[in-house]
Structures are given as C-alpha cells and as structure tokens.
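Peer 1:
There are 2 protein chains.
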Amino acid sequence: MEKIRILIAEDHKLIRETWTFILNTDSRFTVVASCSDSSEAVEIAAIKNPEIVLMDINMMPLNGFEATARLAIVSPETKVIGLSFYSELLFVKKMFAAGAKGYITKNSGREEMYEAILAVHSGDLYVCEEILKQGFDVHALPVMDSSNIGTLTDNSMGSLTNKEIQISQCIRQGLRSKDIAGRLSISIKTVEVHRHNILRKLQVRNSVSLVNVLNSKNGYVKYSF
Amino acid sequence: MEKIRILIAEDHKLIRETWTFILNTDSRFTVVASCSDSSEAVEIAAIKNPEIVLMDINMMPLNGFEATARLAIVSPETKVIGLSFYSELLFVKKMFAAGAKGYITKNSGREEMYEAILAVHSGDLYVCEEILKQGFDVHALPVMDSSNIGTLTDNSMGSLTNKEIQISQCIRQGLRSKDIAGRLSISIKTVEVHRHNILRKLQVRNSVSLVNVLNSKNGYVKYSF
DNA sequence: TTCCTACTAAGTGTTTACCCTTATATCTTC
DNA sequence: GAAGATATAAGGGTAAACACTTAGTAGGAA
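Residue numbers (numbering that gives the first Met the number 0), protein chains in the order written: chain A, 0 to 224; chain B, 0 to 224.
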C-alpha cells in the first residue's frame with residue numbers, strides 16, 4: 000500500500016520534529032517535508048505535491064488561512080488539515096473557508112490525528128471531537144472549490160463595518176464605552192450596540208477574547224501558559 | 000542499562016501523547032505516567048517517584064512553578080525539566096527557583112530534549128540553546144535545595160504573587176471569574192479579590208488593559224505579515 | 001512569640017458590560 | 001421606489017466586573 004505523503008508546517012521545532020517522527024514511524028504515513036515558514040510551505044507543496052498538509056494556523060509570514068488559500072492554487076490536489084491550540088469556531092470556519100478539509104486542535108489525541116489524516120485523504124471532511132462538541136457542523140458549510148476558495152478568508156474583519164472597526168480599536172486600547180462615546184461624540188447606547196454586534200460577528204463573549212482575536216489577525220500570536 | 004523513568008505533565012493531549020510515544024520508542028527512556036493536571040502530577044510523582052518530570056509551566060490548577068516546588072517536597076529525588084513556549088528569562092528563573100534542574104522551550108529540537116533528560120538525570124543543570132543565547136547562566140544561580148526551594152518564586156513579575164499570575168493568565172485567555180473559580184476550585188469571591196489586587200498592582204482599570212500590560216511584558220510575539 | 005504575606009471568602013455596594021428589541025435617518029444599489 | 005446595509009439611539013433587563021471592607025487561616029521570617 001502506498002504511504003500517505005505528508006507535509007508538516009508548524010513553527011515550533013520540537014512539535015514539528017516529534018510529529019515527523021511519529022508519523023514516519025507509522026507504516027501508513029510518510030513525511031515528505033516539514034517547515035516552520037508558511038511561504039516555504041506553499042513553495043514546497045508546489046514542488047512535492049503532498050497529499051496532506053498539517054498546517055498550524057500561527058505561522059510566519061503568512062497566517063494559516065492565507066497559506067491554505069494559496070496552497071489551493073499551487074497544488075489543488077493537496078488537502079490541508081488545520082492545526083492549532085484554538086478551538087475558537089471563528090478560526091475553524093476561516094480555515095474551512097480558506098479551503099481546508101480538516102481541523103484538529105492540540106487537545107486532540109494522537110489517534111485523532113491519524114483519523115483526521117485518513118479521513119481527509121479519503122475525501123471526507125474532518126473536525127476533532129473538541130470542535131464537534133461546540134456544535135460545529137462541517138457538512139453545513141458551503142462547498143469550497145476553485146470558484147470560491149479564499150473568498151471568505153477575510154470574512155471576520157471584512158464583515159465589520161468601519162464604525163465597528165473603529166470602535167473595536169478603541170476597545171483594544173482598554174477604553175470603556177463611556178470613553179469611546181466621548182471620543183467619537185456618540186451616545187453610550189450606540190457604542191453598546193456596536194460592541195454587541197462586534198462580539199456577535201466575531202463570535203466571542205467578552206472584550207478580552209475580542210482583543211485576542213483582533214491581535215491574532217494583526218500578527219500577534221497568542222501563546223497560552 | 001536501566002531506562003530513565005519519566006513523567007510527562009502537559010495539558011495538550013496531542014503533545015502529551017506524541018512525546019510519550021517518542022520517548023517510549025527510545026530504549027533509553029520509559030514514560031511511567033502522563034497527565035494534564037498539575038495536582039495530579041504531584042500526586043503521581045509522590046507514588047511513582049519518576050527520575051525525570053517534563054513539566055509544562057502552563058497547567059491547572061497549579062502553575063508549573065508551584066507544582067515543581069511541591070514536587071520537591073513529595074519526591075525529592077525527582078528532577079524537573081521545565082517546558083514551555085517561552086524563552087522569557089523571568090519564567091526560566093522562576094522555574095529554577097522552584098527547584099527545576101532544566102528548562103527547554105518548544106523551539107528546541109528533539110535531540111535537545113533527549114540531551115536535557117540525560118544531562119539532568121546525570122546531575123547536571125540544563126537549559127536549551129535558545130535560552131543560552133540570551134545570556135542565561137544556569138550556574139550563576141543560587142543553589143536550590145530543601146532549605147530554600149520555592150523561596151524565590153517571588154515578585155520579579157511586577158510584584159504579582161503566584162496565584163495572581165495564574166489568575167491573570169486565565170483572564171488573558173478571556174475566562175470569566177466564574178470560569179476561573181471553577182477551574183481553580185476556589186470561590187468566585189476569591190477570584191474577584193485577586194482580580195482587584197492585580198488591577199491595583201499593575202495600575203490598570205480593566206481586564207483589557209491588564210491583558211495589554213501582560214502582553215507587552217511577555218508571551219506575545221509580534222509578527223508582521 | 002509576634003509579625004508579615006499570601007490565600008481564602010464573605011458582605012455590600014456601584015459601574016460597566018452584555019443581551020435583546022425597537023426605531024429613525026441616511027445611504028447605496030438593484 | 002423598494003431593498004439592504006449602516007449609523008444612530010432609546011428602553012429594559014441580566015450578568016459580570018470593579019471597589020472597598022472585614023476576617024479567618026496558614027506559613028515563613030524576625
């Protein structure tokens with residue numbers, strides 16, 4: 000039986016090396032390359048056409064969403080599985096919108112990683128247990144093909160209006176609704192409506208999480224400790 | 000030759016399982032247990048007396064510093080190697096002050112993890128390349144033994160106590176006081192007191208500003224893409 | 001011992017955030 | 001002109017954060 004050819008794109012060396020090791024140890028898989036750089040991942044994929052890419056969403060210089068969308072162009076046969084510490088549905092959706100076929104978090108089990116690779120390789124979509132539990136329905140997503148891949152990769156911030164973006168920047172600075180209202184010369188109630196809409200659109204439940212999402216978009220990578 | 004007996008304490012299941020796998024694959028090592036809970040790590044160590052503990056510094060309900068200090072009491076022969084995403088010297092120092100004998104980041108190589116285990120097992124102190132490059136001199140540290148272990152887990156970080164640091168990290172993750180109370184098994188009221196004290200000590204007026212201060216000090220890496 | 005710090009947790013407020021609905025005016029766009 | 005999106009802002013509600021106080025316990029230090 001042919002081994003499934005895998006590319007690992009993950010910026011933490013220890014994780015990248017251990018995953019390479021365990022996948023190569025399994026007779027079903029072979030890691031054809033690994034890299035810590037997302038641009039490199041796209042280049043390598045274009046040359047080696049791996050069947051599967053394990054793609055961390057926190058990478059330089061492109062984030063996982065952008066790298067996934069580009070990868071779909073240079074190597075359409077390659078299937079991407081998103082990998083991250085986050086189970087935030089926003090990231091999951093963004094990865095699928097970018098053309099990913101699977102998503103697992105680092106709270107998944109080792110067996111779950113195998114399952115994900117096998118499922119995606121055989122043409123299925125896959126998300127891990129942790130994300131399923133949040134009520135995410137992978138089959139309810141619009142089908143992603145060459146016609147619309149990448150079109151939704153900016154939908155999070157893109158769906159925020161100018162005012163919402165402006166206000167979210169104020170929130171990020173630690174300003175209260177009262178402060179924002181004063182600064183923008185609008186009613187506190189208006190600010191509150193905007194806040195609510197921002198949280199709803201970005202699917203977070205409080206301002207701290209909002210700021211985390213905003214930071215992750217603008218190039219901050221959040222580590223948890 | 001006797002295998003080196005290892006306990007892995009790491010909250011991300013996928014990482015925990017892959018490390019268990021690769022260490023068990025190597026004839027020099029055997030993973031006697033692994034867990035995602037720091038209290039459990041202390042309990043297990045007390046029973047199994049592993050020679051080495053690989054301890055992630057981000058754990059619940061104790062952080063890595065506290066777990067390491069307690070471990071020194073219940074299993075003095077056990078040597079702890081700190082593991083984290085951070086090369087922040089503050090965290091490295093705190094871990095050594097808590098009694099750790101080694102520290103590697105997740106940017107270390109797989110071979111470096113082996114080296115660390117072997118070095119620490121043979122009685123040396125060890126820090127990875129990445130930390131060495133920052134000019135950290137492990138041998139310049141005061142010697143840690145039963146008389147002073149834990150005494151230096153103090154106020155280098157803006158005079159926040161261990162509990163306050165732990166709670167501020169929970170806040171950073173977007174958790175509410177209710178969530179934090181549940182996770183740490185303490186009263187919401189206690190969490191609120193800590194929150195209040197944290198804000199007062201760091202001279203900020205809300206959680207978003209707190210997170211900004213925490214991010215500016217450590218843990219966040221600004222990427223440009 | 002006494003002192004000090006940390007952790008715990010209660011009480012009692014005020015303020016802010018967040019949820020949901022309704023509504024008006026303006027603007028583009030089909 | 002109708003439809004849709006945006007910005008505005010109000011009312012009424014719950015939940016959470018924040019402010020301040022008191023107080024018991026535990027442990028180490030003086």
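Built from N, CA and C at the ideal position, the CB exists for glycine as well. Just so we're clear, the structure is a prediction, and the values are computed from it rather than from any experiment.
Leaving aside the five residues before and after A/Thr160 along the sequence, list all residues of the same chain whose C-beta is less than 7 Å from its C-beta, in chain order.
Peer 2: To locate residue 160 of chain A, count along the first sequence from 1; it is residue 161. Taken in chain order, the list of residues that qualify is empty.
Peer 1: Below 7 Å on C-beta distance, what does B/Val73 contact in chain A?
Peer 2: One-based indexing of the second sequence puts residue 73 of chain B at position 74. The premise fails here: B/Val73 is roughly 24 Å from chain A at the closest Cβ pair, so nothing lies under 7 Å.
Peer 1: State the DSSP-derived secondary structure class of A/Asp178, mapped to helix, strand or coil.
Peer 2: Position 179 of the first sequence, counted from the first residue, corresponds to residue 178 of chain A. Three-state DSSP puts A/Asp178 in a helix.
Peer 1: Report yes or no: is there a C-beta of chain A within less than 7 Å of the C-beta of B/Lys12?
Peer 2: Working through the second sequence from its first residue, we reach residue 12 of chain B at position 13. It does; some Cβ of chain A falls within 7 Å.
Peer 1: Residues in the same chain with beta-carbon distance under 6 Å from A/Lys93, minus the five sequence neighbours each way, listed in chain order, please.
Peer 2: Locating residue 93 of chain A in the first sequence gives position 94, counting from the first residue. The residues are Phe64.
Peer 1: On a CA-only basis, which of B/Ile51, B/Thr17, B/Ile14, B/Lys12 is nearest B/Val31? Give me that one, please.
Peer 2: The count along the second sequence starts at 1 and reaches residue 31 of chain B at position 32. It is B/Ile51.
Peer 1: Can you name the start and end residues of the alpha helix (DSSP H) that A/Arg69 belongs to?
Peer 2: Locating residue 69 of chain A in the first sequence gives position 70, where the first residue counts as 1. From DSSP, the alpha helix (DSSP H) with A/Arg69 extends over 63–73.
Peer 1: Just confirm the distance between the C-beta atoms of B/Ala66 and B/Ser37, as a whole number of angstroms; I'd bet it's less than 8 Å.
Peer 2: Position 67 of the second sequence, counting from 1, holds the residue named residue 66 of chain B. Position 38 of the second sequence, counting from 1, holds the residue named residue 37 of chain B. With a Cβ gap of about 4 Å, B/Ala66 and B/Ser37 count as contacting.
Peer 1: Residues in the region 92–106 of chain A with C-beta within 9 Å of chain B's C-beta atoms, listed in sequence order?
Peer 2: Of all residues in the region 92–106 of chain A, Ile103, Thr104, Lys105, Asn106 have a Cβ within less than 9 Å of some Cβ in chain B.
Peer 1: In the DSSP output, what is A/Asp55 paired with across the bridge?
Peer 2: By 1-based counting over the first sequence, the position of residue 55 of chain A is 56. Looking at the DSSP assignment, A/Asp55 forms a beta bridge with A/Leu82.
Peer 1: List the residues of chain A that B/Arg109 touches, going by C-beta distances under 7 Å, in chain order.
Peer 2: Indexing the second sequence from 1 puts residue 109 of chain B at position 110. Leu13, Glu16, Thr17, Phe20, listed in chain order.
Peer 1: With a threshold of 8 Å on Cβ separation, who are the neighbours of B/Arg109 within its own chain once the five nearest residues in sequence on each side are excluded?
Peer 2: Against the second sequence, residue 109 of chain B aligns to sequence position 110. Answer for B/Arg109: Ile21, listed in chain order.
Peer 1: Considering only DSSP beta bridges, list what B/Leu6 is partnered with.
Peer 2: Translated into the one-based positions of the second sequence, residue 6 of chain B becomes position 7. DSSP lists B/Ala32, B/Val52 as partners of B/Leu6.
Peer 1: Which bits of chain A does B/Thr24 rub up against, with CB to CB less than 9 Å?
Peer 2: Indexing the second sequence from 1 puts residue 24 of chain B at position 25. In chain order: Phe20, Ile21, Thr24.
Peer 1: Taking C-beta to C-beta, are A/Val79 and A/Ala99 nearer than 7 Å?
Peer 2: Along the first sequence, read from residue 1 onward, the residue named residue 79 of chain A stands at position 80. Along the first sequence, read from residue 1 onward, the residue named residue 99 of chain A stands at position 100. Closer than 7 Å, so yes.
Peer 1: Which complete alpha helix (DSSP H) runs does the region 184–220 of chain A hold, if anything under 4 residues is left out?
Peer 2: Entirely contained in the region 184–220 of chain A, the alpha helix (DSSP H) runs reaching 4 residues are, in chain order, 187–201, 206–216.
Peer 1: Please tell me whether B/Val210 has its Cβ less than 7 Å away from any Cβ of chain A.
Peer 2: For this step, residue 210 of chain B is matched to residue 211 along the second sequence. Cβ-Cβ to chain A under 7 Å: yes for B/Val210.
Peer 1: Out of curiosity, what's the CA-to-CA distance linking B/Gly181 and B/Leu213?
Peer 2: Along the second sequence, read from residue 1 onward, the residue named residue 181 of chain B stands at position 182. Along the second sequence, read from residue 1 onward, the residue named residue 213 of chain B stands at position 214. Cα to Cα, B/Gly181 sits roughly 23 Å from B/Leu213.
Peer 1: Quick check on DSSP: helix, strand or coil for B/Thr24?
Peer 2: For the purposes of this step, residue 24 of chain B is taken as residue 25 along the second sequence, with counting starting at 1. Three-state result, B/Thr24: helix.
Peer 1: Go ahead and pull the three-state DSSP assignment for B/Thr19.
Peer 2: By 1-based counting over the second sequence, the position of residue 19 of chain B is 20. B/Thr19 falls in the helix class under three-state DSSP.
Peer 1: Inspect the beta-carbon positions of A/Ser35 and A/Ile56 and report whether they are closer than 7 Å.
Peer 2: Walking along the first sequence from the start, residue 35 of chain A turns up at place 36. Walking along the first sequence from the start, residue 56 of chain A turns up at place 57. Against a cut-off of 7 Å, the Cβ pair of A/Ile56 and A/Ser35 comes out as no contact.
Peer 1: Which residues in the same chain have their Cβ closer than 7 Å to the Cβ of A/Lys177, if we skip the five residues on either side of it in sequence?
Peer 2: Along the first sequence, one-based indexing puts residue 177 of chain A at 178. Closer than 7 Å at the Cβ level, and outside the excluded window around A/Lys177, lie Ile187.
Peer 1: With A/Thr101 as the anchor, note down where its beta strand (DSSP E) starts and where it stops.
Peer 2: The residue labelled residue 101 of chain A in the question sits at position 102 within the first sequence. According to the sequence provided, residue 101 of chain A is Gly. The question's Thr does not apply to it. 101–104 is the span of the beta strand (DSSP E), which, as asked, contains A/Gly101.
Peer 1: I'd like to know whether the C-beta of B/Gly122 is nearer than 7 Å to at least one C-beta of chain A.
Peer 2: Locating residue 122 of chain B in the second sequence gives position 123, where the first residue counts as 1. So, not an interface residue.
Peer 1: Once you ignore the five residues that flank A/Cys169 on each side, which residues in its own chain have a CB closer than 6 Å to its CB?
Peer 2: Along the first sequence, read from residue 1 onward, the residue named residue 169 of chain A stands at position 170. For A/Cys169, where only same-chain residues beyond five positions count, the Cβ hits under 6 Å are Ile179.
Peer 1: Taking all protein chains shown into account, decide if A/His195 is buried (16 or more other Cβ within 10 angstroms of its Cβ) or exposed.
Peer 2: Mapped onto the first sequence, residue 195 of chain A falls at position 196. Of the other Cβ atoms in all chains shown, fewer than 16 fall within 10 Å of the Cβ of A/His195; this residue is therefore exposed.
Peer 1: Against chain A, does B/Val207 count as a neighbour if the rule is that its beta carbon must be under 7 Å from one of theirs?
Peer 2: In the second sequence, counting from the first residue as 1, residue 207 of chain B sits at position 208. With 7 Å as the cut-off, B/Val207 counts as an interface residue toward chain A.
Peer 1: Between B/Gly173 and chain A, is any beta-carbon pair separated by less than 7 Å?
Peer 2: On the second sequence, position 174 is the one that residue 173 of chain B refers to. Closer than 7 Å to some Cβ of chain A, the Cβ of B/Gly173 qualifies, so yes.
Peer 1: Quick one: residues in its chain with C-beta nearer than 6 Å to the C-beta of A/Val210, no 5 flanking neighbours on either side, listed in chain order?
Peer 2: Within the first sequence, residue 210 of chain A is the residue found at index 211, counting from 1. Counting only Cβ-Cβ distances below 6 Å, and skipping sequence neighbours, we find Arg171.
Peer 1: Whose CA, out of B/Asp25, B/Gly101, B/Ala44, lies closest to the CA of B/Met73?
Peer 2: Position 74 of the second sequence, counting from 1, holds the residue named residue 73 of chain B. Note that residue 73 of chain B is Val in the sequence shown, not Met. Nearest option by C-alpha distance: B/Ala44.
Peer 1: Answer yes or no: do B/Ile7 and B/Arg15 have a C-beta to C-beta separation smaller than 7 Å?
Peer 2: As a working mapping, residue 7 of chain B is identified with position 8 in the second sequence. As a working mapping, residue 15 of chain B is identified with position 16 in the second sequence. Cβ distance < 7 Å, so B/Ile7 and B/Arg15 count as in contact.
Peer 1: Rounded to the nearest angstrom, how far is the Cβ of B/Lys2 from that of B/Thr29, given a contact under 8 Å?
Peer 2: What you label residue 2 of chain B is simply residue 3 of the second sequence in a count that begins at 1. What you label residue 29 of chain B is simply residue 30 of the second sequence in a count that begins at 1. Yes, they are in contact, since the Cβ atoms of B/Lys2 and B/Thr29 sit about 4 Å apart, within 8 Å.
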